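There are 2 protein chains.
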Amino acid sequence: MRLTSPGPTLGVVGGGQLGRMLAEAAGPLGVAVVVLDPTPDCPAATVARDQVVADFDDPDGVRELAERADALTFEIELADPDLLAEAAATADVPVHPDPETLRVIQDKLVQKRRLRERGIPVPEFREVDDAADLAAAVEDLGAVMLKAREGGYDGRGNVPVDPGDDYDAKLDAIGNRPAMAEAFVDFERELSVIGVRGTDEVRAFPVGENVHREEILRTTVAPARASKAVRERARAVAGDVLDAMDGRGVYGIELFEHPDGAVSVNEIAPRPHNSGHWTIEGAVASQFEQHVRAVLGWPLGAAELRDPTVMVNVLGDVDEPRPAELSGVPDVLASPGAHLHWYGKREVRPLRKMGHVTLTPTGDEDVGALLARGRDLRDGLSFR
Amino acid sequence: MRLTSPGPTLGVVGGGQLGRMLAEAAGPLGVAVVVLDPTPDCPAATVARDQVVADFDDPDGVRELAERADALTFEIELADPDLLAEAAATADVPVHPDPETLRVIQDKLVQKRRLRERGIPVPEFREVDDAADLAAAVEDLGAVMLKAREGGYDGRGNVPVDPGDDYDAKLDAIGNRPAMAEAFVDFERELSVIGVRGTDEVRAFPVGENVHREEILRTTVAPARASKAVRERARAVAGDVLDAMDGRGVYGIELFEHPDGAVSVNEIAPRPHNSGHWTIEGAVASQFEQHVRAVLGWPLGAAELRDPTVMVNVLGDVDEPRPAELSGVPDVLASPGAHLHWYGKREVRPLRKMGHVTLTPTGDEDVGALLARGRDLRDGLSFR
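Here the protein sequences line up with chains A and B, keeping their order. Quick note: the first sequence, position 236, residue 238 per our numbering, numbers continuous. Quick note: the second sequence, position 162, residue 164 per our numbering, numbers continuous.
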């Protein structure tokens, strides 16, 4: 490998905040990023080399992206695996992770079956096609999370179901799509491990601890405040998950810590993950840099912790969509070790991910104090 | 202040590596960067929002840049202060640092006089317009560095002069331009302090230690391996320098450490400086982020050290210009805590700055080991 000028171009299907942060990580490495996104002037456009304006499943658009790239990847699970595979083959460029892996992960039932086959701990689950299936699942498992098999993210497509609920209404709530029911886990903590598969090496970042509300990630603390044994178990499970995946790249692996200290896999994302944003400041090489390196077949970077880190999401606190204008920013900018990440989305919508703030400690500040500071700063930010 | 989408646009005169790294730092803050540079597809273009292709002193180009920007700055001392002031006034946008400061700094004789007036220690110097002036200066000061008053950088325009040399030949070597002669300092170490002036606050990064060869920066070690007293003296002098400057922004302040522990100012740059590249990984907020914040009038970030850091420059090791293709890169990518920065210059030329590598320690690696590792990695990189 020799590094040239211009350097290699990475084609990314999706130009949201993940594409934006990929481009930000690619810049110092001399890698140009071209994104494909249907929204003109999408979040990644400001920092990327260029944008192909096209729908994620537009064959001509994806082919154009592949033609302009030296390697192809995606930042959204909604990418079309067949189209990715075909465009990459036609343009004779690699695509990572493997579109087959994307296909497995897109279908939550297939994903869970694959994990179970490999001996990876997952909550009990049942296939659900109709109300009778759901009734049977609840009979077997007690309270469950009903999940549409495809197309859900940030909790969309997920509804909790208790015994005795109106099962037809619950299926309605997820659009009567093919679904699965998963035993409700009364977890101690939500954890996640960001892992990366390179050409012939695998790395995992320290375990993060996540707090969701309304099924949307609010906060990540790294390292997780779980016992050493639990953290080691989480990393071991994440290692098994990475072994079960084909193709290079970053994977976000969400886990439950059970009250007895066991861990099980909740969900996998075949891409950089919101719960890994802390790695930009908190780890030696960020998840975005790792993804760029992995997809290009370059050596991976060090995934070690630099400092304990807190990440808080900046979500839309509005009732209706409106042009995005954020107040409270000077307090974030003035807070020592607080790093603002603004995604540049034109419109704020209820609970939309608009940015995040990462905090590293100053002086001998402990994680509790850091977390409190992060939440205070976040609570001071408003679009209203 | 409210942060909007799109965020503010920063117009930067110059699109070399400094403009590129400014754009890389601006991205996460939601700030778009437009650069002005005569070279189409200049280093900053890949990561910036856009480029105005025009000469640095092209009035229409600078006016266009100002019209598209919410604030104006520059990354090269060759920018024209009058043009900057006029374009900023016409477009009604602020320009920082103050063009008057740029004018003072551009003329090394005026710069040194200004510093001396403010009681800031500088080597003894004399104005030199002809061979008689130079002879008189050498008579007074002994060995001197003869410096063209304007237009020099990376040692271009500087020649050492010893008593008895052919003074006419020395003046020829700097193009017979108006010059100054500065007493040759037999320094113990070269130091630098990157300082930043905000709206009503000033910050300084920890003192760095620089190694030059052929008058080009090769290596920076931060913090400098000087005594605590010397480092405090350097920071105090840097504080006085910042007080003597008008306008917000980052200043690179190069200093000599004398054998007796005194410090004096060598040169000042009214912009982010090569000797501050280590701050990207080594400090809480980098010099580039600080410059963006300062120019926009935002609160400054923390300038504290995160980890001891070594920066090595990647210079053109060729005899003749040729298309840039760098070998040895995988060893850098695989070295833990080594961060590659590739500027994307199309052509490598003898001693041209093509990129740099920053290293932070792994495990209990000390600065000596880190420096050795950095030099080994650099020596393994070649354009030949």
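Every residue, glycine too, gets a C-beta built ideally from N, C-alpha and C. These numbers were taken from a predicted model, which means no experiment stands behind them.
Asked: Beta-carbon spacing of P274(B), P99(B) below 8 Å; Found: no
Asked: Where A81(A) falls, given that 16 or more other Cβ within 10 Å makes a residue buried; Found: buried
Asked: Cα-Cα separation, I176(B) to A326(A); Found: 55 Å
Asked: Inter-residue Cα distance where the pair is L117(B) and L193(B); Found: 17 Å
Asked: Contacts of E79(A) in chain B (Cβ-Cβ under 7 Å); Found: The premise fails here: E79(A) is roughly 24 Å from chain B at the closest Cβ pair, so nothing lies under 7 Å.
Asked: Enclosing alpha helix (DSSP H) for T364(B) [first to last residue]; Found: Segment: none, T364(B) is in no alpha helix (DSSP H) and carries neither H nor E.
Asked: Pairwise C-alpha distance: A68(A) and T311(B); Found: 39 Å
Asked: Straight-line gap, A133(A) to L173(A) (C-alpha atoms, nearest Å); Found: 7 Å
Asked: Contact under 8 Å by Cβ, L31(A) with E77(A); Found: no
Asked: Exposure label - G197(A); buried when at least 16 CB within 10 Å; Found: buried
Asked: Nearest to A137(B) (by Cα), restricted to the options A183(B), A25(B), M356(B), A87(B); Found: A183(B)
Asked: Below-8 Å beta-carbon distance, G278(A) vs any chain B residue; Found: no
Asked: 7 Å Cβ shell around E259(A) - same chain, five flanking residues per side excluded; Found: F189, E190, R191, L193, A228, V232, V265
Asked: Given L219(A) as reference, the closest of D142(A), M313(A), P261(A) once Cα atoms are compared; Found: M313(A)
Asked: Neighbour flag for A34(B) against chain A, beta carbons, 8 Å; Found: yes
Asked: Other residues of its chain near Y345(A): CB distance less than 8 Å, five sequence neighbours each side excluded; Found: G18, Q19, R22, P45, K355, M356, G357
Asked: Short CB-CB distance (under 8 Å) between P8(B) and chain A; Found: yes
Asked: Cβ distance (whole Å) where A304(B) is taken to contact T364(A) below 8 Å; Found: 7 Å
Asked: Residues in the stretch 323–335 of chain A having any Cβ partner in chain B nearer than 7 Å; Found: A326, E327, L328, S329, V331, P332, L335
Asked: Rounded distance between the beta-carbons of R70(B) and T11(B), thought under 8 Å; Found: 6 Å
Asked: Buried versus exposed call for T75(B) [16 or more other C-beta atoms within 10 Å across all chains shown]; Found: buried
Asked: Beta-carbon gap between G330(A) and L373(A) smaller than 8 Å; Found: no
Asked: Cβ-based burial, A171(A) [other Cβ within 10 Å; buried from 16]; Found: exposed
Asked: M3(B) at chain A interface by Cβ criterion, 8 Å; Found: yes
Asked: Within chain A, the residues that L31(B) reaches when beta carbons sit closer than 7 Å; Found: L342, W344
Asked: Cutoff 8 Å: R295(A) Cβ touching any chain B Cβ; Found: yes
Asked: Simplified DSSP state of R354(B), which is helix, strand or coil; Found: coil
Asked: C-beta neighbour in chain A for P225(B), strict 8 Å; Found: no
Asked: Boundaries (first-last residue) of the alpha helix (DSSP H) holding R151(B); Found: Here R151(B) belongs to no alpha helix (DSSP H), and DSSP marks it neither H nor E.
Asked: Helix, strand or coil at N212(B) [DSSP, three-state]; Found: strand
Asked: Of the listed residues R380(A), D368(A), R348(A), nearest to E42(A) (C-alpha basis); Found: Checking the sequence shown, residue 42(A) turns out to be Pro, not Glu. For the residues R380(A), D368(A), R348(A), the minimum Cα distance to P42(A) belongs to R348(A).
Asked: Selected residue, minimal CA-CA separation from P8(B), among V350(A), V33(A), D381(A); Found: V350(A)
Asked: C-alpha distance - P123(A) paired with M247(A), whole-angstrom precision; Found: 16 Å
Asked: Whole-angstrom distance between P208(A) and V286(A), CA atom to CA atom; Found: 11 Å
Asked: Counted within 10 angstroms of its Cβ, other Cβ atoms place R375(A) as buried (16 or more) or exposed; Found: buried
Asked: Backbone secondary structure at T41(B) - three-state DSSP; Found: coil
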